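In our numbering, the protein residues as written are 1 to 267.
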Amino acid sequence: MIGANIKTLRKRLGKSQEEVATKLGLTRSSYSGYENGVAEPSIDTLILLCDYFQINMDHLLRNDLTSYSESDWEKLQNNLTTDIKGKNLRVLTSIVDTDNNELIEMIPLKASAGYTSGYADAEYLKILPTFSLPFLSKNKKYRSFPIQGDSMPPVSPGSQVIGEFIQNWTLLPNGTPCILVTKDDGIVFKIVYNHLDSNQSFQLCSTNPLYSPYYVHANKVLEIWKFVNYISSELPDVRIDDMNISKTLIDLQKEVFELKNEFKKHN
Numbered sequence: 001m002i003g004a005n006i007k008t009l010r011k012r013l014g015k016s017q018e019e020v021a022t023k024l025g026l027t028r029s030s031y032s033g034y035e036n037g038v039a040e041p042s043i044d045t046l047i048l049l050c051d052y053f054q055i056n057m058d059h060l061l062r063n064d065l066t067s068y069s070e071s072d073w074e075k076l077q078n079n080l081t082t083d084i085k086g087k088n089l090r091v092l093t094s095i096v097d098t099d100n101n102e103l104i105e106m107i108p109l110k111a112s113a114g115y116t117s118g119y120a121d122a123e124y125l126k127i128l129p130t131f132s133l134p135f136l137s138k139n140k141k142y143r144s145f146p147i148q149g150d151s152m153p154p155v156s157p158g159s160q161v162i163g164e165f166i167q168n169w170t171l172l173p174n175g176t177p178c179i180l181v182t183k184d185d186g187i188v189f190k191i192v193y194n195h196l197d198s199n200q201s202f203q204l205c206s207t208n209p210l211y212s213p214y215y216v217h218a219n220k221v222l223e224i225w226k227f228v229n230y231i232s233s234e235l236p237d238v239r240i241d242d243m244n245i246s247k248t249l250i251d252l253q254k255e256v257f258e259l260k261n262e263f264k265k266h267n
């Protein structure tokens, strides 16, 4: 697939094999071998190819670019390489019980760092503890994630947050609490505001006003799980009006954050 993909990318640029090889510091025969599938590029060469064709390596290795429509190429040119609408079935490995009922995999704190690389690996998931909750829908997929830090009260550090798998990210309503599995920051639990239409990103806010909102591009997101419930050994110390105050502060933070961005754009 790599050979066919780089051949497709080269032809779309209108370049010859000689031109690409020279630009990358390769011989024409070496580059031709990659396109024809008689040789496999090293990791260093793959990085050079991705930089030259301006494409994400995961996208180059996993997708068949020869089947792309013009709308697909337009998305790629706009740097949106993630299937945000879930048209292609996302790889989601599940563990089931003896009756073939899906179980909730619990990601322990010690295993959370490796989740971004092993989330689709059945062998990784097999070693995780599992449980079931009878009041959850059998038609949806759930997973439990560990929470670190104090950015999302009343959920305390050390809690396990249960999330429902989201296939189509475009349908995610603004203000939805979600667990996002990201390439750079690992597992994060935030209030999500959907900005896919405007800048192909999500704005992430905390219920703790000490934490500032920030954006994460859709390309940096691996999975999204909508908050359903959480398990904690601590009783939340929350007054009746705390959540209303927190929501007001989040809204104010968002407004200030967006005003600052607009100011920077015009100065």
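The beta-carbon is built from N, C-alpha and C at its ideal position, and this holds for glycine as well.
Here the structure is a predicted model, which means the values were calculated and not measured.
Please decide whether residue i counts as near chain C, where near means a Cβ-Cβ distance under 7 Å.
{"i": "S212", "result": "Given the protein chain composition of this structure (a single chain), no chain C is represented."}
DSSP on residue i, reduced to helix/strand/coil?
{"i": "E18", "result": "helix"}
{"i": "N219", "result": "helix"}
{"i": "E40", "result": "coil"}
{"i": "V155", "result": "coil"}
{"i": "G86", "result": "coil"}
{"i": "G33", "result": "helix"}
{"i": "N139", "result": "coil"}
{"i": "L180", "result": "strand"}
{"i": "M1", "result": "coil"}
{"i": "L133", "result": "coil"}
{"i": "S201", "result": "strand"}
{"i": "E70", "result": "helix"}
{"i": "N174", "result": "coil"}
{"i": "G149", "result": "coil"}
{"i": "V256", "result": "helix"}
{"i": "N269", "result": "Because the chain spans 1 through 267 in this model, residue 269 falls outside it and cannot be assessed."}
{"i": "G25", "result": "coil"}
Can you have a look at residue i and say buried or exposed, based on whether 16 or more other CB atoms are within 10 angstroms of its CB?
{"i": "I107", "result": "buried"}
{"i": "P146", "result": "buried"}
{"i": "D37", "result": "It should be noted that the sequence gives Gly, not Asp, for residue 37. Classification of G37: exposed, given that the 10 Å Cβ count is below 16."}
{"i": "K7", "result": "buried"}
{"i": "W73", "result": "exposed"}
{"i": "F53", "result": "buried"}
{"i": "L60", "result": "buried"}
{"i": "E255", "result": "exposed"}
{"i": "N5", "result": "buried"}
{"i": "A218", "result": "buried"}
{"i": "F135", "result": "exposed"}
{"i": "E234", "result": "exposed"}
{"i": "P236", "result": "exposed"}
{"i": "P173", "result": "exposed"}
{"i": "N261", "result": "exposed"}
{"i": "I43", "result": "exposed"}
{"i": "S144", "result": "buried"}
{"i": "V188", "result": "buried"}
{"i": "L180", "result": "buried"}
I think residue i touches residue j, with their Cβ atoms under 8 Å apart; what is that distance to the nearest whole Å?
{"i": "S159", "j": "I231", "result": "6 Å"}
{"i": "T170", "j": "I191", "result": "Not a contact, Cβ separation roughly 18 Å."}
{"i": "G163", "j": "W225", "result": "3 Å"}
{"i": "Y193", "j": "S151", "result": "About 16 Å separates the two Cβ atoms, so there is no contact after all."}
{"i": "L222", "j": "T93", "result": "Not confirmed; about 13 Å, so no contact."}
Exercise. Three or more beta-carbon pairs under 8 Å between the segment 126-138 and the segment 194-204, yes or no?
Worked result: Contact between the segment 126-138 and the segment 194-204 is absent: fewer than 3 CB-CB pairs across the two stretches fall below 8 Å.
For this session: Would you check if the segment 92-102 and the segment 47-65 touch, i.e. whether three or more CB-CB distances between them fall below 8 Å?
Result: Flag = no, the segment 47-65 and the segment 92-102 do not touch.
Exercise. Can we say the segment 133-142 touches the segment 176-187, given the rule of at least three CB pairs closer than 8 Å?
Worked result: Note that the segment 133-142 does not touch the segment 176-187; fewer than 3 beta-carbon pairs, one per stretch, sit closer than 8 Å.
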